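Visitor: Just so we're aligned: the sequence shown equals residues 89 to 437 in our numbering.
Where is the CB? At the ideal position from N, CA and C, for every residue including glycine.
Note that the structure is predicted; figures quoted are calculated from it, not measured.
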Amino acid sequence: MMEITKDQLLQFSIQIVQQHFSKTKTIGLMHGKMGIALSLYHAQSLVPEIPMSQPDDLIDEVYQNVNNHPALDFAEGLGGIGWGLMYALKQKFVAGDADELLVDLDKKFNLSLIYKKPHRLCLSDGMAGYGFYFLSRIQVDGGHEEHFATITNKYCLEKIVQELELLLTNQSYSIPEPDDFSLFWDLPVLLFLLGECIAENVRAKVVTGMAEKIIRGIGDKPSLRASSRLLLSLALKYFHLRTGINFEIEGCTVKTSSDHEICEELHDRFSINGLAGIALLYHIIYQLNGDPEMRQQAELWLHRAGDALGYIQASNKETLLSENLGLANGISGFILAYSILKTQKMINL
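As structure tokens, this is what we get:
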């Protein structure tokens, strides 16, 4: 049997998405049409045959249904959709005024913080998801001038920091390791979020104290899986690069010697919540520090993601792939990671 190249695997993945995305019922970021649209936008620079109308139509469908979508969560609701729209605007995939496009979402989140705030920490449907939405709203181009919407959204982010502090206090800064690998585990997610808050000077002193308490809590954990240690090490590295504050945890290093153990755990996890997600995290760190080793690691983990997907493709399990097209666990996640790294000449596949 002839081995398929990674570029051929990308073409195969895009064909699966093009054939089946109309069957996707949800419009959210992690598992729905927003995430699929972002993956197709990124892939267009590598595969010009992708009609521009496909991701554009998906974005239009998402935006037209925003007002009919009451949930504010990040995984499937308006938090992730709003973040995705901001990402599409910043990448110049779509044109428009962010404050005009998202004014209704801003109001919904603002009212929710007053009347119906979440009582969970997590990214998918908790306060961390609110935090990433408002971070995307204040991290805009255009110099140092802050518009009214930016100032208002920064105030909302400060309120979110207060709520996170209360939630962490109530949980005694103890956040359990998930039973299964999750790129969206609360601990690394919070370190990424808090690092961005400090970088944006959002209650920096308070946030630094929160990070210290979280990290002390990590030190109390008797043992963590190799994959969890790797995620934490990448989050700590990112936190240091964004803030200049260096925290270390014994046994957590980006130069892991447990690759075999992690690959066994994630042997078929080719998407963002798996091997491709680890590749993207190394890529993000490389963008910040220019360390060639981080670039090599990004390429290595993306190779592994491609190998995992290639094995599924060679096993004629197209139906399995077509049933989950989303970013988090589906084929769009591989398309997104591969396209980002390949476009930026990060990889030689």
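Looking at the unbroken alpha helix (DSSP H) that takes in A183, where does it start and where does it end?
Guide: No alpha helix (DSSP H) contains A183, which DSSP labels as neither H nor E.
Visitor: Report yes if the C-beta distance between D185 and N241 is below 8 Å; otherwise report no.
Guide: No, the Cβ-Cβ distance between D185 and N241 is not below 8 Å.
Visitor: If distances are taken between C-alpha atoms only, which option among L390, N377, I372 and I248 comes closest to L363?
Guide: Here the closest residue by C-alpha is L390.
Visitor: Does the Cβ of K94 have 16 or more other Cβ atoms within 10 Å, making it buried, or fewer, making it exposed?
Guide: With 16 or more other Cβ atoms within 10 Å, it is buried.
Visitor: Under 8 Å Cβ to Cβ from Y370, same chain only, skipping five residues before and after it: list those, please.
Guide: The answer, listed in chain order, is L322, V342, M382, R383, Q385, A386 and W389.
Visitor: Within 10 Å of its beta-carbon, does Q103 have 16 or more other beta-carbons around it, so buried, or fewer, so exposed?
Guide: With fewer than 16 other Cβ atoms within 10 Å, it is exposed.
Visitor: What residue range is occupied by the uninterrupted alpha helix (DSSP H) comprising E149?
Guide: Counting along the chain, the alpha helix (DSSP H) containing E149 begins and ends at S141 to Q152.
Visitor: Between the beta-carbon of L354 and the beta-carbon of A425, is there less than 8 Å?
Guide: Taking 8 Å as the Cβ cut-off, L354 and A425 do not qualify as a contacting pair.
Visitor: Less than 8 Å between the beta carbons of F422 and A393, yes or no?
Guide: Yes. Within cutoff.
Visitor: Would M215 and I248 be called neighbours here (beta carbons separated by less than 8 Å)?
Guide: Contact: yes.
Visitor: From what residue to what residue does the alpha helix (DSSP H) around H235 run?
Guide: Per DSSP, H235 belongs to no alpha helix (DSSP H) and is neither H nor E.
Visitor: If contacts are defined as beta-carbon pairs under 8 Å, then E149 and I115 qualify, I think. What distance do you get, rounded to the angstrom?
Guide: Confirmed, Cβ separation roughly 7 Å.
Visitor: Taking all protein chains shown into account, decide if Y399 is buried (16 or more other Cβ within 10 angstroms of its Cβ) or exposed.
Guide: Exposed, by the Cβ-count rule.
Visitor: Just to confirm, is the Cβ distance from T112 to L415 under 8 Å?
Guide: Not in contact: T112 and L415 (Cβ atoms no closer than 8 Å).
Visitor: Express the C-alpha separation of Q250 and N361 in angstroms, rounding to a whole number.
Guide: Going by the C-alpha atoms only, they are around 29 Å apart.
Visitor: Start and end of the alpha helix (DSSP H) containing E137?
Guide: Segment: none, E137 is in no alpha helix (DSSP H) and carries neither H nor E.
Visitor: Taking the Cβ atom as the reference point for each residue, do V290 and L245 lie within a distance shorter than 8 Å?
Guide: Yes, they are a contact pair.
Visitor: Straight-line CA distance for P206 to I92?
Guide: Roughly 46 Å separates the two Cα atoms.
Visitor: Which same chain residues end up closer than 8 Å to F100 when comparing Cβ atoms and leaving out the 5 residues on each side of it in sequence?
Guide: Around F100: I92 and Q401.
Visitor: Which parts of the region 378-430 are runs of the alpha helix (DSSP H), unbroken and 4 residues or longer, counting only runs that do not cross its ends?
Guide: Here the runs fully enclosed are 380-402 and 406-410.
Visitor: How should L429 be labelled, buried or exposed, when 16 other C-beta atoms within 10 angstroms of its C-beta is the threshold for buried?
Guide: Buried, because 16 or more other Cβ atoms sit within 10 Å of the Cβ of L429.
Visitor: If you draw a straight line from the alpha carbon of L324 to that of F358, how long is it in whole angstroms?
Guide: Distance between the alpha carbons of L324 and F358: 24 Å.
Visitor: Answer with buried or exposed for E265, where buried requires no fewer than 16 other C-beta atoms within 10 angstroms of its C-beta.
Guide: Buried: at least 16 other Cβ atoms inside 10 Å.
Visitor: Among G170, I419 and K196, which one has its Cα closest to the Cα of S224?
Guide: The shortest Cα separation from S224 among G170, I419 and K196 belongs to G170.
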